[in-house]
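Data first, discussion second: the structure below is written as structure tokens.
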Amino acid sequence: MPQFAIIAVSILFDGLAYAMFLFITSVGLSVTMGLMGFVNLAHGAFAMAGGYVVVTLTRTLGVGFVPSLVIAAVVVGAVSVVFERGLYRRLYKSTDLEQVLLTIGLAFMAIATATYLYGPIPKSVPLPDWLQGDVNLGFRNFPSYRAFLIVLGVVLIAVLWYAFERTNIGAKIRAAVDNRRMAESVGINVDRLFTLTFAVGSGLAALGGGLAIQLFGLSPSFAVLYLVLFLIVVAVGGLGSLKGTLLAALVLGVFDTGGKYLLSDAGGFFVYAVTVAVLLVKPAGFYGRE
Amino acid sequence: MRKFGWLGIAALAFAVGGAAQAETVKIGVVLPFSGANADLGHQIDKAFDLYVKLHAKDIAPHKVEIIKRDEGPPTGAQAKTVTTELITNDKVQILTGFVFSPSAIALAPVVTQAKVPMVIANAGTAWITNLSPYIARLSFSMWHHGYPMGAFAHGKVGCKTAAMAYTDFPPGKDSTEAFKTGFEKAGGKVTEAIPMGSPVQVPDFTPFFQRIKDAKPDCMYVFIPSGAHATGVMKAYGELGMRKAGVKLIGPMDLIPDNKLQDMGDAAIGTIVMGNYAVDLDNAENKAMNKAWHEAYGKDSYPDFMSAAGWDTMHAIFDAIKKLNGKVTDGQQVIDAMKGWTAKGPRGPVAIDAATRDIVQNEYAMEVVRKSDGKLGIKVLGTTNAVKDECKVLKLGRCGS
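Structure (structure tokens):
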């Protein structure tokens, strides 16, 4: 295979893996914002919490990495319902500013709590042997962990797509995103629907947080450090759109990786350039409602 | 005679009174206690506290009052605010701490104007000490590690070509410039220099390292701030199988912070760094500090090079207080008392260069190995004695002004 093709495949591979992480972590935020118009800046805190659950399970309790990811998603998803019922729902009719203040406050409290419990030093997780090292695809070796990210991402996309497009609940969610008042007037309980999607979204964020440990390391400030990235994915994809979030994650992931590889001097500039370009042409994002 | 007798008694009374007068020296400590780099602040803070606790008797009857403030993120803005408050509201007489170079750079004009000595315990951009006559530095300049690493990499590690990758802020440029100067002087060739984003977030290192792996240099010199980034570098390096591909990982010791080394795993083994400290360094002061550290903070907590610098920083401050008998209101006198200071610390023999107010210390080339007890540790491959900041010796760029 010629050199440029190898490089292109390599960029696509790394970019795809990065995109899968972005998608898994951001999709919940997108649906929350699209469905309820709720600005949840504590989304990153749920991801961070998921990461620490994985750390505790693997390091202290000796649970395997993959089961830990699943448990973290379920636990954080369940706990997020408490927050949604207890705090968030009081502010659904409030202004954006009040929502932002509540959720950013929660994020900072989460950071302080994590620092108190786990300390500020970044944590890592022990990976099973099959996720370490690399896999040979004939012309080039790829890190196994990134291959795992891609496979997991594809499976999740398939499941989410099926749930969103082919099930009764999915149809209700789509209806509620499109026109909430109409959906309510035909008898859809949007409130309960939202609790469900919120829990799933937070669970996915927790999964993303667990997956991120190997990529960035995990420290309490994870809750806000990467939030900008998730918000960019949501904005570029369009609020409440599964398809949009996926497309945005792919475009941003591949452009970021490609930019860093080919034009390293410009570094992380590309994510922002792409964001600005997309939003200039489509202010509501790829699949947003204008 | 009688008149002189009275004078003698007065003089005696004055002398006794002077000796008994216990001063309380106010020291402002500015370190990051929040955000991604909070653990860096804690590493130094713990060393400060420990030194003060163990050595309070050294300056008796004088006392120190420590006032701590959060340095914030590595931008310098918050550090400037809190330090200005320390000077104007709390009236501190000595400032210390300062992990990030931008903080020190932003504050240089402030301390010059306020005439308050600023004793830097970390910030490593080479030319910082030129910015104010009230700055003394006990940690290192990026050149302390980077410059000798150049010759060592070429001569001993066997790097003929090297790629450099660095976090894009002043010390990153400094460190790579130092390495390049030393490496090219020794006959090596630097193939490229890749900036890897800001110090605020740990980036995805894979695309950068993949590019370097494909270019196949003998060695990869990496500079990152010694926090969460280090673990990320080691993971990406290990995942990509770069050691197997023949690209050796070298750098300043920020790559292997002692308190994160155990978490790094096998990927770290074989990494060669240049630095001024490691927990495993064999000297009496280091053993004593480690023992006191474990007693105070538990057996799983380790000091690192920042703690060692913090230890020596407080040592120098205490010696200045002792030398001035607690009278530290004149900032110039405090700085003068520190010039030419020598001591033995956890890093070995250290001194403050009277001309530049910067540290003079030994540099150790160290390799990460798996020790007999199964833990990761370092093996000292070679020592360079009494290294000065080469940037100021060569008077390069801003180091010459």
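Chains as they are written, first to last, in this note's numbering: chain A, 1 to 290; chain B, 1001 to 1401. From the three backbone atoms N, C-alpha and C, an ideal C-beta is built for every residue, glycine too.
Problem set entry | Assigned exposure category for Q1093 of chain B - 16 Cβ within 10 Å defines buried | Here residue 1093 of chain B is taken as the residue at index 93 of the second sequence, counted from 1. Flag for Q1093 of chain B reads buried.
Problem set entry | Residues near T115 of chain A by beta carbon distance below 8 Å, same chain, minus five either side | Within the first sequence, the letter at position 115 stands for residue 115 of chain A. If we look at T115 of chain A and ignore the five residues flanking it on each side, its Cβ neighbours are P220.
Problem set entry | chain B residues whose Cβ lies nearer than 7 Å to that of F216 of chain A | Locating residue 216 of chain A in the first sequence gives position 216, counting from the first residue. Chain B residues near F216 of chain A: V1202, G1232.
For this session: Since I believe G1310 of chain B is in contact with A1047 of chain B (beta carbons under 8 Å), could you give me their beta-carbon distance rounded to a whole number of angstroms?
Result: Counting from 1 along the second sequence, the entry for residue 1047 of chain B is found at position 47. Counting from 1 along the second sequence, the entry for residue 1310 of chain B is found at position 310. Taking the Cβ atoms as the reference, A1047 of chain B lies roughly 3 Å from G1310 of chain B, within the contact range of under 8 Å.
For this session: Specify, as a first and last residue, the run of the alpha helix (DSSP H) that F1209 of chain B falls within.
Result: Position 209 of the second sequence holds residue 1209 of chain B. Residues 1206-1215.
Exercise. Could you give the distance in angstroms between the alpha-carbon of V63 of chain A and the alpha-carbon of G51 of chain A?
Worked result: For the purposes of this step, residue 63 of chain A is taken as the residue at position 63 of the first sequence. For the purposes of this step, residue 51 of chain A is taken as the residue at position 51 of the first sequence. For V63 of chain A and G51 of chain A, the distance between alpha carbons rounds to 14 Å.
Problem set entry | Cβ distance (whole Å) where L41 of chain A is taken to contact V82 of chain A below 8 Å | Here residue 41 of chain A corresponds to residue number 41 of the first sequence, with the count starting at 1. Here residue 82 of chain A corresponds to residue number 82 of the first sequence, with the count starting at 1. Taking a contact as a CB-CB distance under 8 Å, the pair L41 of chain A and V82 of chain A does not count as one, their CB atoms being some 18 Å apart.
Problem set entry | Which residues DSSP lists as bridging T1161 of chain B, in chain order | If you number the second sequence from 1, residue 1161 of chain B lands on position 161. Beta-bridge partners of T1161 of chain B (DSSP): B:K1189.
Problem set entry | Minimum Cβ-Cβ distance from Q1078 of chain B to chain A less than 8 Å | Taking the first residue of the second sequence as position 1, residue 1078 of chain B is located at position 78. So, not an interface residue.
Problem set entry | Among B:V1387, B:E1184, B:N1290, B:A1193, the one whose alpha carbon lies nearest that of F1223 of chain B | In the second sequence, residue 1223 of chain B corresponds to position 223, counting from 1. When the alpha-carbon of F1223 of chain B is set against those of B:V1387, B:E1184, B:N1290, B:A1193, the nearest one is in B:A1193.
For this session: Going by DSSP, name the residue or residues bridged to G1249 of chain B.
Result: On the second sequence, position 249 is the one that residue 1249 of chain B refers to. The residue asked about is misnamed: residue 1249 of chain B is Leu in this sequence, not Gly. Residue pairing by DSSP places L1249 of chain B opposite B:M1220 in a beta bridge.
Exercise. Between the segment 251-277 of chain A and chain B, which residues of the former have CB atoms less than 7 Å from a CB of the latter, in chain order?
Worked result: Along the segment 251-277 of chain A, the positions whose C-beta sits under 7 Å from a C-beta of chain B are T257, K260, Y261, S264, D265, G267, G268, read in chain order.
Exercise. Hey, is F1208 of chain B's beta-carbon within less than 8 Å of any beta-carbon in chain A?
Worked result: Reading the second sequence from its first residue, position 208 is the one you call residue 1208 of chain B. With a threshold of 8 Å between beta carbons, F1208 of chain B makes contact with chain A.
Problem set entry | CB contact below 8 Å: A1228 of chain B versus chain A | Taking the second sequence and counting its residues from 1, the one referred to as residue 1228 of chain B is at position 228. At a cut-off of 8 Å between beta-carbon atoms, A1228 of chain B makes contact with chain A.
Problem set entry | Run of the alpha helix (DSSP H) containing Q1332 of chain B, from where it starts to where it stops | For this step, residue 1332 of chain B is matched to residue 332 along the second sequence. Following the DSSP letters along the chain, one finds Q1332 of chain B inside the alpha helix (DSSP H) bounded by residues 1331-1338.
For this session: Say whether chain B places a C-beta atom closer than 8 Å to the C-beta of P143 of chain A.
Result: Residue 143 of chain A sits at position 143 when you count from the first residue of the first sequence. True, the Cβ-Cβ gap to chain B drops below 8 Å.
Exercise. Which of helix, strand or coil does DSSP assign to R1243 of chain B?
Worked result: Taking the first residue of the second sequence as 1, we reach residue 1243 of chain B at position 243. In this structure, R1243 of chain B counts as coil in the three-state DSSP scheme.
Exercise. In the segment 1059-1107 of chain B, which residue ranges form an unbroken beta strand (DSSP E) of at least 3 residues, counting only runs that do not cross its ends?
Worked result: As far as the segment 1059-1107 of chain B is concerned, its whole beta strand (DSSP E) runs of at least 3 residues are 1063-1070, 1094-1097.
For this session: Enumerate in chain order the residues of its own chain whose CB-to-CB distance from I1250 of chain B is below 6 Å, with the five nearest sequence positions on each side excluded.
Result: Residue mapping note: residue 1250 of chain B aligns to position 250 of the second sequence, counting from 1. Excluding positions up to five away in sequence, the list reads A1153, C1219, Y1221, I1272.
Exercise. Mind pulling the chain A residues with CB within less than 9 Å of D1039 of chain B?
Worked result: For the purposes of this step, residue 1039 of chain B is taken as the residue at position 39 of the second sequence. Under the 9 Å cutoff, chain A gives G119, P120, I121, P122, S219.
For this session: Say whether chain A places a C-beta atom closer than 8 Å to the C-beta of G1035 of chain B.
Result: If you number the second sequence from 1, residue 1035 of chain B lands on position 35. At least one chain A Cβ lies under 8 Å of G1035 of chain B.
Problem set entry | Where the alpha helix (DSSP H) containing T115 of chain A begins and where it ends | The count along the first sequence starts at 1 and reaches residue 115 of chain A at position 115. If you look at T115 of chain A, you'll find it in the alpha helix (DSSP H) that goes 96-118.
For this session: Give the secondary structure of F270 of chain A by DSSP, where H, G and I count as helix, E and B as strand, and everything else as coil.
Result: Here residue 270 of chain A refers to the residue found at position 270 when the first sequence is read from its first residue. Of the three classes helix, strand and coil, the one that applies to F270 of chain A here is helix, per DSSP.
For this session: Count the other CB atoms, across all protein chains shown, that sit within 10 Å of the CB of I169 of chain A; report buried if there are 16 or more and exposed otherwise.
Result: One-based indexing of the first sequence puts residue 169 of chain A at position 169. Under this definition I169 of chain A is an exposed residue.
Exercise. Which full runs of the alpha helix (DSSP H) of 4+ residues lie inside the segment 133-179 of chain A, going along the chain?
Worked result: Listed in chain order, the complete alpha helix (DSSP H) runs (minimum 4 residues) inside the segment 133-179 of chain A are 144-166, 168-178.
Problem set entry | Candidates B:N1089, B:K1091, B:N1130, B:E1085: closest to A1104 of chain B by CA position | By 1-based counting over the second sequence, the position of residue 1104 of chain B is 104. When only C-alpha atoms are compared, the closest one is B:N1130.
For this session: Report the rounded CA-to-CA distance for R59 of chain A versus D1263 of chain B, giving the unit in angstroms.
Result: On the first sequence, residue 59 of chain A is found 59 positions in, with the first residue counted as 1. On the second sequence, residue 1263 of chain B is found 263 positions in, with the first residue counted as 1. In this structure, the straight-line span from the alpha carbon of R59 of chain A to that of D1263 of chain B is close to 11 Å.
Exercise. What residues from the segment 25-46 of chain A come within 8 Å of chain B, judged by C-beta to C-beta, listed N to C?
Worked result: Within the segment 25-46 of chain A, no residue qualifies.
Exercise. In chain B, which residues lie with their C-beta within 7 Å of the C-beta of L225 of chain A?
Worked result: Reading the first sequence from its first residue, position 225 is the one you call residue 225 of chain A. Neighbours of L225 of chain A on chain B, chain order: A1036, Q1201.
For this session: Grab me the residues of T1191 of chain B's own chain with a C-beta within less than 8 Å of its C-beta, minus the 5 sequence neighbours each way, in chain order.
Result: On the second sequence, position 191 is the one that residue 1191 of chain B refers to. Apart from sequence neighbours up to five positions away, the residues of its chain that approach T1191 of chain B with a beta-carbon distance below 8 Å are T1161, A1162, A1163, A1215, P1217, ordered along the chain.
Problem set entry | Short CB-CB distance (under 8 Å) between D1174 of chain B and chain A | Position 174 of the second sequence, counted from the start, is the residue given in the question as residue 1174 of chain B. D1174 of chain B does not count as touching chain A.
For this session: Excluding the 5 residues preceding and the 5 following M20 of chain A in the sequence, name in chain order all residues of the same chain whose CB lies nearer than 6 Å to its CB.
Result: By one-based count along the first sequence, residue 20 of chain A stands at place 20. The beta carbon of M20 of chain A lies closer than 6 Å to those of L149, I150, G153 in the same chain, with the five residues before and after it left out.
Exercise. Are the Cβ atoms of N1037 of chain B and P1170 of chain B separated by less than 8 Å?
Worked result: Counting from one through the second sequence, the residue named residue 1037 of chain B turns up at place 37. Counting from one through the second sequence, the residue named residue 1170 of chain B turns up at place 170. Not a contact, by the Cβ cut-off of 8 Å.
Exercise. What three-state label does DSSP hand M1196 of chain B in the structure shown?
Worked result: Residue mapping note: residue 1196 of chain B aligns to position 196 of the second sequence, counting from 1. In the three-state reduction of the DSSP assignment, M1196 of chain B falls in the coil class, being assigned neither a helical nor a strand state.
For this session: Could you tell me whether any Cβ in chain B is nearer than 8 Å to the Cβ of Y287 of chain A?
Result: To locate residue 287 of chain A, count along the first sequence from 1; it is residue 287. It does not: the Cβ of Y287 of chain A has no partner Cβ on chain B nearer than 8 Å.
Exercise. Near A73 of chain A, which residues of its chain fall below 6 Å by C-beta distance, leaving aside the five closest residues on each side in sequence?
Worked result: Residue numbering aside, residue 73 of chain A sits at position 73 when the first sequence is read from its first letter. A distance below 6 Å between beta-carbons, with the five flanking residues on each side excluded, links A73 of chain A to the following residues of its chain, in chain order: G203, A206, L207.
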